[in-house]
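Colleague: Take a look at this one; I'll ask things after.
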Amino acid sequence: MGMSDLYGPADDQESVRTIQAALDTGITLLDTGDYYGMGHNELLIREALRGRKREGIVISVKFGAMRDVKGNWLGVDGRPEAVKNFCGYSLRRLGTEYIDIYRLGRVNPQIPIEDTVGAIAEMITAGYVRHVGLSEAGEQTIRRAHAIHPISDVQMEYSLISRGVEDAILPACRELGISVTAYGVLSRGLLSGHWSKDRQTAPNDFRAHNPRFQGDNLDRNLALVETLRHIAQAKGATVAQAAIAWVLLRGEDIVPLIGARRREQLNEALPSLALSLSASDLGDIERAIPKDAAAGQRYAPQVMAHLDSERRS
Ligand SMILES: NC(=O)c1ccc[n+]([C@@H]2O[C@H](COP(=O)([O-])OP(=O)(O)OC[C@H]3O[C@@H](n4cnc5c(N)ncnc54)[C@H](OP(=O)(O)O)[C@@H]3O)[C@@H](O)[C@H]2O)c1
Numbered sequence: 000m001g002m003s004d005l006y007g008p009a010d011d012q013e014s015v016r017t018i019q020a021a022l023d024t025g026i027t028l029l030d031t032g033d034y035y036g037m038g039h040n041e042l043l044i045r046e047a048l049r050g051r052k053r054e055g056i057v058i059s060v061k062f063g064a065m066r067d068v069k070g071n072w073l074g075v076d077g078r079p080e081a082v083k084n085f086c087g088y089s090l091r092r093l094g095t096e097y098i099d100i101y102r103l104g105r106v107n108p109q110i111p112i113e114d115t116v117g118a119i120a121e122m123i124t125a126g127y128v129r130h131v132g133l134s135e136a137g138e139q140t141i142r143r144a145h146a147i148h149p150i151s152d153v154q155m156e157y158s159l160i161s162r163g164v165e166d167a168i169l170p171a172c173r174e175l176g177i178s179v180t181a182y183g184v185l186s187r188g189l190l191s192g193h194w195s196k197d198r199q200t201a202p203n204d205f206r207a208h209n210p211r212f213q214g215d216n217l218d219r220n221l222a223l224v225e226t227l228r229h230i231a232q233a234k235g236a237t238v239a240q241a242a243i244a245w246v247l248l249r250g251e252d253i254v255p256l257i258g259a260r261r262r263e264q265l266n267e268a269l270p271s272l273a274l275s276l277s278a279s280d281l282g283d284i285e286r287a288i289p290k291d292a293a294a295g296q297r298y299a300p301q302v303m304a305h306l307d308s309e310r311r312s
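In numbering that gives the first Met the number 0, the protein residues as written are 0 to 312.
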């Protein structure tokens, strides 16, 4: 996402090289959205995959978000005819014959999830898609969707400071045999150990408006990061590595997405795979950063109000 949108400027050449470097080290999952840079991110992936074998690479695509010429968000379209339209365009941009996991980026309660999932199931029958996923969907939506076609994966924000998924969504996924791809594992850079109070953000950077990056909230959240830094350093690790390893250890059914947009970030993230945290380390981490320790919500209030995953039924 950050290679094309929402996190300020990025360098296309470096982005492509970062994707290629990830694949070279054995990373197999690439997550994108057709609305990340309005097609730009899919074109980066196409470029990165040029000349490579398609098999063995898992491409996850989110769709549904509509945007205007300036990139403003206009809503979410999950109607069956929209699903087929979005899918056709994504296949063209990606230059691939199939998408491994296809998912609605946000649930729109006006359009029954059954209709959207039914349309993706048709794309599976036609050979254009392999598996159905969901993103930021609530427990009830997951159950309704799963009744139409097996859901393979639900994508949710999940990190040391965003643990709401543990209440109802993760247990439901486990009951139904659905995996979770965790995004925001570094809380969009806040938990990376590289964010500072004086970091400048462009007005169109998501983090310029996110509650956790503002004023007193930022001070409190950065203080949490410093407590994590002490624990990480004692293990010979960086803050980012400890934050990624913590998510990795939540279960084999949880796959962390890492938003590295440069090779140096990828190189920092990769050793997390080998970082072993004992029960006592995990206890130290959770005492340093208790479940609801973050100051500020993970999205602005107007966005939180529309998240299906935050709906209490
Ligand atoms: N389903 C959804 O609603 C949803 C929402 C958001 C994202 N996602 C998916 O999840 C992916 C990851 O999300 P995210 O980018 O928000 O997550 P993230 O991994 O929490 O944050 C990534 C950001 O952290 C900073 N960073 C600092 N050190 C890093 C390091 N060593 N490795 C990686 N990043 C480091 C970078 O920001 P700077 O370069 O600015 O320092 C980078 O852009 C996205 O690419 C997207 O595919 C899904």
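Glycine included, every Cβ here is placed at the ideal spot set by N, Cα and C.
At a cut of 8 Å, does the stretch 61-78 reach the stretch 39-46 through at least three beta carbon pairs?
Modeller: The stretch 61-78, when compared against the stretch 39-46, does not touch it at the 8 Å Cβ threshold.
Colleague: So, Ile150 versus Ile141, is the Cβ gap smaller than 8 Å?
Modeller: Yes, these two residues count as a Cβ contact at 8 Å.
Colleague: Starting from Lys52, follow the alpha helix (DSSP H) in both directions and report where the run begins and ends.
Modeller: From DSSP, Lys52 is part of no alpha helix (DSSP H); its letter is neither H nor E.
Colleague: Consider the C-beta atom of Gly132 and the heavy atoms of ligand 1; say whether any pair is separated by less than 7 Å.
Modeller: Incorrect: Gly132 has no Cβ contact closer than 7 Å to ligand 1.
Colleague: For Leu28, collect the residues of the same chain with a Cβ closer than 7 Å to its Cβ; drop the 5 residues on either side in sequence, then sort them by chain order.
Modeller: Once the five neighbours on either side are set aside, the close Cβ partners of Leu28 are Val57, Ser59 and Val254.
Colleague: Quick one: which unbroken alpha helix (DSSP H) runs of 4-plus residues sit fully inside the stretch 90-127? Chain order, please.
Modeller: 112-124, all fully within the stretch 90-127.
Colleague: Quick check: the Cα distance between Lys196 and Arg187, rounded to an integer number of angstroms?
Modeller: If I take the Cα positions, the gap works out to 15 Å.
Colleague: Can you find the residues in the same chain that come closer than 7 Å, C-beta to C-beta, to Asp67, ignoring five residues on each side of it along the sequence?
Modeller: If we look at Asp67 and ignore the five residues flanking it on each side, its Cβ neighbours are Leu73.
Colleague: What residue range does the alpha helix (DSSP H) around Val246 cover?
Modeller: Val238 to Leu247 is the extent of the alpha helix (DSSP H) around Val246.
Colleague: Can you determine whether any heavy atom of ligand 1 sits closer than 7 Å to the C-beta of His305, and answer yes or no?
Modeller: Answer for His305: no, Cβ out of range of ligand 1.
Colleague: Examine the Cβ distances between the stretch 250-268 and the stretch 209-226 and report whether three or more of them are shorter than 8 Å.
Modeller: Touching, no, given that fewer than three Cβ pairs across the two stretches are closer than 8 Å.
Colleague: Spatial neighbours of Glu156 within its chain, please: C-beta separation below 7 Å, excluding the five flanking residues on both sides.
Modeller: Excluding sequence neighbours, Glu156 sits near Tyr182, Gly183 and Arg297.
Colleague: Do Asp307 and Glu135 have their C-beta atoms within less than 8 Å of each other?
Modeller: Their beta carbons are under 8 Å apart, which means Asp307 touches Glu135 by this criterion.
Colleague: Are the CB atoms of Asp283 and Ile243 nearer to each other than 8 Å?
Modeller: Not a contact, by the Cβ cut-off of 8 Å.
Colleague: Compute every distance between the C-beta of His193 and the non-hydrogen atoms of ligand 1, then say whether any falls below 7 Å.
Modeller: Checking the Cβ of His193 against ligand 1 gives yes.
Colleague: Can you tell me whether Lys61 is buried or exposed? The criterion is at least 16 other CB atoms within 10 Å of its CB, across all chains shown.
Modeller: With 16 or more Cβ atoms within 10 Å of its Cβ, Lys61 is classed as buried.
Colleague: What residue from Arg51, Pro108, Val246 and Asp204 has the CA that sits closest to Gly94's CA?
Modeller: Per the Cα distances, Arg51.
Colleague: Any heavy atom of ligand 1 closer than 7 Å to the Cβ of Leu48?
Modeller: Leu48: no, Cβ never under 7 Å from ligand 1.
Colleague: Return yes when the Cβ of Ala299 is within less than 8 Å of the Cβ of Asn220, no when it is not.
Modeller: In this structure, Ala299 does not lie closer than 8 Å to Asn220 by Cβ.
Colleague: Threshold first: 4 residues or longer. Then list the alpha helix (DSSP H) segments lying entirely within the stretch 237-302, N to C.
Modeller: List check, alpha helix (DSSP H) in window: 238-247, 262-268 and 278-287.
Colleague: Assign Lys61 to one of three DSSP states: helix, strand, or coil.
Modeller: Note: Lys61 maps to strand in three-state DSSP.
Colleague: Out of Arg49, Val106, Gly55 and Glu96, state which residue places its alpha-carbon closest to the alpha-carbon of Val302.
Modeller: When each option's Cα is compared against that of Val302, the closest is Val106.
Colleague: Compute the Euclidean distance between the alpha carbons of Leu175 and Gly36, then round it to the nearest angstrom.
Modeller: Approximately 33 Å, taken between the alpha carbons.
Colleague: Since Val321 contacts Asp252 with CB under 8 Å, what's their CB separation in whole angstroms?
Modeller: Residue coverage of the chain in this structure runs from 0 to 312, which leaves residue 321 outside it and unanswerable.
Colleague: Quick check: the Cα distance between Pro111 and Leu169, rounded to an integer number of angstroms?
Modeller: Distance between the alpha carbons of Pro111 and Leu169: 22 Å.
Colleague: At which residue ranges does the stretch 5-38 contain complete alpha helix (DSSP H) runs of 4 or more residues, listed in the order of the chain?
Modeller: Counting whole runs of 4 or more residues, the stretch 5-38 contains the alpha helix (DSSP H) stretches 11-23.
Colleague: Among the residues of its own chain, which have a CB less than 6 Å from the CB of Leu223, if the five just before and after it don't count?
Modeller: Correct list, in chain order: Ile288 and Ala292.
Colleague: What residue does the beta strand (DSSP E) around Gly74 start on, and which one ends it?
Modeller: Residues Trp72 to Val75.
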